[in-house]
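Data block below; observations after.
Number of protein chains: 2
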Amino acid sequence: MTEKPRGRPRSYDPDTALWQALETFWGGSFTGTSLDALAAATGMNRPSLYAAFGDKKSLYLKSFDLVAGLMKAALRRTVEAEKPLEAALGDFYNEAIAIYRSGPDGARGCFILCTAPAEAATDSDIRAALVTTLKEIDGGLAMLFEKGKAAGDLSPAADTTARAQIAASVLHSLAIRARAGASKKELDALAQHTVQMLCRDM
Amino acid sequence: MTEKPRGRPRSYDPDTALWQALETFWGGSFTGTSLDALAAATGMNRPSLYAAFGDKKSLYLKSFDLVAGLMKAALRRTVEAEKPLEAALGDFYNEAIAIYRSGPDGARGCFILCTAPAEAATDSDIRAALVTTLKEIDGGLAMLFEKGKAAGDLSPAADTTARAQIAASVLHSLAIRARAGASKKELDALAQHTVQMLCRDM
DNA sequence: ATCATTTTTTGCGAAACGGTACAAAATGAC
DNA sequence: GTCATTTTGTACCGTTTCGCAAAAAATGAT
C-alpha cells in the first residue's frame, strides 16, 4: 500500500514526533515552550519540524486536536458503556485523574484545560478550539445523564444539562488541582463525592 | 505622616501602576506578557518598573497576591454575610461572574485560575501560590457550608468539605468558561443550578 | 552511474526579550 | 545658589526567539 516515496527517507515517525511535541507543550505552556525545546523533544531540528507541522501555533493546534480527539473518544466510551450511571461517570473521572497525574512528577493536569485558557485571551484560534472542546465535554456528559435518566437511574424531572455542566466543571477543576500537585487521594475523593451528588436522585 | 522623601518625586502611583500591570497580565499570560507591554500599560519605563517591583516574576507574584487578597476578602464577606446559605453562595458567584466578565470584551476569566495553571508546571513559586489560593477557596467555602449547617440550612449529616470542593470546582469552571467567552446568561445558569444542588438538603 | 526527489543539516538574520549602566532631571537640605 | 538624593529617560548588552535559505545527504528511478 504505502509505496515508498522518492527521496531521502524520514528519520522520524510523524505520529510519535507529534506526541512528543504534545508532551512538551503539556509540561509547559504555548508561549513558554520554545521551538528549540520542541526540536529537542522530537529529535528533529527546527526546519524539519517546520516542514512537517508548520509553525509553532500550528503544531500546538495539532497537539490540541489530538488531545481533543482522545477526550471525545473517552466521552463516547463513557456514554456507550453498559454500566449504571454512577459507575460510568466514576470510571470517566478515574481515567481522567490517571491521565492528569501521569507526568513524571504526577502533576500535569490537562493539556487543554491548563494551557489553553491562558492563551485564549490573546489568540482567537486557540480560544475557538477551547470553546469547541468545552462544548463537547458538556454535550457528551449531557448525553450520559440523558441515558441515565432513560435507564431509570435518574428521576424524569432531573435537569440533565445542568448536571452535565456541573460534572464538567468538576472535570475542569480536577485538571487544575492536578496541575497544582493534588494527590490522587484528594482527586479521587472529589470525583467520588461528585458522582454521589449528581447520580443519586434527589 | 508620610514625610516627603529627599529626591526627585515619583511620576506614578505604585498602587495604580501595580493594578495596571495586573490587568496586563490578566489580559494575557505571564510568559506571554513582555516588560515592554507592562511598561506601556503602567506608563513607566522599564528601569523604573524594575526599581519599584523587582523583576518580571516578582511583579507577577505581587499582582497575584493582590488578586488573592481580594478573593479572600470576598470569601470572608460571603461567610460573614447575614444571609441564608443559598443567597450567600449565589451572591458570591454573581460577584465572581461580574469580575470574570469585566474585561473590554467581557472574556477575562480569573487572573489566578486562568494564568497560573499554565506556569505552575514549570515554576514552583507560581505553583505554590496557586496551591495556597486553591486551599483558601476550598477552606472559605467549607466555612460557609459549615455555617449553613449550623443555621439549619443543611442536614447535620451533610459533608460540608465535599460540598465546598464542588462549589469551588464550579468557580474554577466559571473562570475558564468566562475566558472562553461564555455569556453572562450561561454562567448565571450554571451558578444557579449549582447553588440549588449544593444548598438544598437531600 | 547519473539524475530527480525528498529530507536533513548547518547556519544565518532580523526581531524581541529581560535586565542594567549611566547620564539627565527634579526635588529637599543647607 | 550648591550639594546630596532619588527618580526618570536613553541607550545599550547579551541572550533567546522564530523562521528561513542554502547546501549536504540519502534514497528511488532510469
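Those protein sequences? They're chains B and X, same order as listed.
Quick note on our numbering: the first sequence kicks off at 1217 and runs consecutively.
Quick note on our numbering: the second sequence kicks off at 1217 and runs consecutively.
For glycine and all other residues, C-beta sits at the position ideal for the given N, C-alpha and C.
- By the neighbour-count criterion, in which a residue is buried when 16 or more other Cβ atoms sit within 10 angstroms of its Cβ, B/ALA1304 is buried.
- Linking B/LEU1265 to B/CYS1326 through their CA atoms gives a straight-line distance of about 24 Å.
- Out of X/SER1274, X/PRO1225, X/GLU1352 and X/GLY1223, the CA that lies nearest to the CA of X/ALA1237 is found in X/SER1274.
- Proximity of chain X to B/VAL1411 at the Cβ level (cut-off 8 Å) is not reached, the minimal Cβ distance being about 11 Å.
- Nearest Cα to X/ARG1416 within the set X/GLU1402, X/LEU1291 and X/ASP1375: X/ASP1375.
- Note on B/LYS1220: under 16 other CB atoms within 10 angstroms of its CB, so exposed under the neighbour-count rule.
- What X/CYS1330 touches in chain B, judged by beta-carbon distance under 9 Å, is PRO1333, ALA1334, ALA1336 and ALA1337, going in chain order.
- Cβ atoms of X/ARG1317 and X/GLY1243 stay farther apart than 8 Å, at about 13 Å.
- Of the other Cβ atoms in all chains shown, fewer than 16 fall within 10 Å of the Cβ of B/SER1340; this residue is therefore exposed.
- In this model, B/SER1399 and X/LEU1329 are separated by some 19 Å (Cα to Cα).
- With the criterion set as a beta carbon lying under 7 Å from some beta carbon of chain X, the members of the region 1233-1261 of chain B are GLY1243, GLY1244, SER1245, THR1247 and GLY1248, in sequence order.
- Residue-level contact by beta carbon holds for B/ALA1378 and chain X, with a gap shorter than 8 Å.
- Looking only at X/ALA1396, X/HIS1388, X/GLY1397 and X/GLY1356, the smallest Cα-Cα distance to X/VAL1295 is reached by X/GLY1356.
- Runs of the alpha helix (DSSP H) spanning 4 or more residues and lying entirely within the region 1270-1338 of chain B occur at 1272-1296, 1301-1316 and 1327-1336, in chain order.
- The beta carbon of X/LEU1370 sits no closer than 8 Å to any beta carbon of chain B.
- In this structure, X/ALA1396 places its C-beta atom within 8 Å of the C-beta atom of B/VAL1347.
- Per DSSP, X/LEU1370 is not a residue of any alpha helix (DSSP H), being assigned neither H nor E.
- Within the model, the alpha-carbon separation for X/VAL1411 versus X/GLY1364 is close to 13 Å.
- Annotated three-state conformation of X/PHE1246 is coil, per DSSP.
- Taking C-beta separations shorter than 7 Å and ignoring five residues to either side along the sequence, the partners of X/ALA1358 in its chain run THR1376, THR1377 and ALA1380, following chain order.
- DSSP places B/LYS1363 within a helical segment (H, G or I) once states are collapsed to three.
- B/ALA1253 sits away from B/THR1232, with the two beta carbons spaced by 8 Å or more.
- In the three-state reduction of the DSSP assignment, X/SER1389 falls in the helix class.
- With fewer than 16 other beta carbons inside 10 angstroms of its own, X/LYS1401 counts as exposed.
- With a threshold of 8 Å between beta carbons, B/GLY1397 makes contact with chain X.
- Under the criterion of beta carbons closer than 8 Å, X/THR1349 and X/ALA1391 do not qualify as touching, at roughly 12 Å.
- Using a Cβ distance threshold of 8 Å, X/MET1260 and B/MET1413 do not count as a contacting pair.
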